[in-house]
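Read through the structure below, which is laid out as structure tokens, and then see the notes.
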Amino acid sequence: MILVMIRTAIIFAVLLIVMRLMGKRQIGEMQPFELVITLLIAELACIPMADTSIPLLYGIVSVLAIFVLHEAVTLLDLKVKPLKSVLSGKPSVVINKNGIDDYQLKKNNLDVSDLIESLRAAGYFSLDCIDYALYESNGTFSALPKENYEQMQTSLPLVIIDNGKYNGKNLQLTGLDKQFFEGILRERGVKHAKKVLVLTADGEGKLYLQEKGKKFCTFHADYPQGKTW
Numbered sequence: 000m001i002l003v004m005i006r007t008a009i010i011f012a013v014l015l016i017v018m019r020l021m022g023k024r025q026i027g028e029m030q031p032f033e034l035v036i037t038l039l040i041a042e043l044a045c046i047p048m049a050d051t052s053i054p055l056l057y058g059i060v061s062v063l064a065i066f067v068l069h070e071a072v073t074l075l076d077l078k079v080k081p082l083k084s085v086l087s088g089k090p091s092v093v094i095n096k097n098g099i100d101d102y103q104l105k106k107n108n109l110d111v112s113d114l115i116e117s118l119r120a121a122g123y124f125s126l127d128c129i130d131y132a133l134y135e136s137n138g139t140f141s142a143l144p145k146e147n148y149e150q151m152q153t154s155l156p157l158v159i160i161d162n163g164k165y166n167g168k169n170l171q172l173t174g175l176d177k178q179f180f181e182g183i184l185r186e187r188g189v190k191h192a193k194k195v196l197v198l199t200a201d202g203e204g205k206l207y208l209q210e211k212g213k214k215f216c217t218f219h220a221d222y223p224q225g226k227t228w
């Protein structure tokens with residue numbers, strides 16, 4: 000038992016030194032290759048700590064080898080620009096002046112619901128109050144709002160159609176039915192809900208509509224019986 004504790008303390012000290020040498024970004028927002036290296040280091044450190052039949056030196060050498068590889072890859076990432084996008088990826092602009100870029104979302108294995116969740120976490124609730132939004136190569140989300148965005152989100156928008164499918168739960172919350180929104184789509188020249196990338200509606204009657212492959216539009220509609228939420 001004492002031997003295991005001593006081995007664990009030694010591995011801990013080595014890991015602490017190695018992680019400090021790797022720099023602040025390694026313990027903050029990591030690039031993909033840094034995450035892989037961190038996972039490998041954790042796995043390599045566990046083996047000699049748990050199995051006393053494995054020489055402690057093997058674990059230390061393995062961790063140091065990963066550290067050397069990290070430094071080599073980091074140097075390539077900084078010095079060889081064409082490799083930077085391969086090693087670390089590139090930011091993906093998911094909202095632009097035309098609205099949501101569905102291609103960029105799919106490229107990053109995301110959907111409209113994921114995007115809206117990221118917007119809400121950043122403090123933005125209306126899709127039309129954003130000029131640009133992007134996911135950085137390390138996965139963090141950034142958005143550039145319009146100048147008067149606070150006046151544009153006075154009521155909580157609900158997602159009615161997401162990638163061609165109605166959100167039944169949100170329909171219940173609005174107290175409206177599919178027929179109402181089908182009528183709205185026909186008025187806007189949209190033949191079927193399957194052609195809609197996203198449709199949101201807020202409690203004051205503002206709707207955000209974007210067909211797949213087209214620019215978004217916003218407009219107001221009168222809810223039956225003066226419904227609001």
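Here the sequence shown is numbered in numbering that gives the first Met the number 0, starting from 0 and rising by one per residue.
Where a beta carbon is used, it is the ideal one built from N, C-alpha and C, also for glycine.
For this session: Please report the residue range of the beta strand (DSSP E) in which K205 lies.
Result: K205 to E210
Per DSSP, which residues does A200 bridge with? Please list them. L157 and L206
- Message: Within 10 Å of its beta-carbon, does K211 have 16 or more other beta-carbons around it, so buried, or fewer, so exposed?
- Response: exposed
**Asked** Quick one: Cα of D130 to Cα of Y57, how far?
**Response** 53 Å
Less than 7 Å between the beta carbons of L184 and N169, yes or no? no
Where does D176 land, buried or exposed, given buried means 16+ other C-beta within 10 angstroms? exposed
* Asked: Candidates V197, L43, G202 and S136: which alpha carbon is nearest D161's?
  -> V197
Among the candidates G98, S141 and E135, whose CA atom is the shortest distance from the CA of R119? S141
Separation of L38 from F180, as counted between CA atoms: 48 Å
Rounded to whole angstroms, what is the Cα-Cα separation between T153 and P90?
30 Å
In its own chain, which residues sit with a C-beta less than 7 Å from the C-beta of V189, not counting the 5 before and 5 after it? V195 and E210
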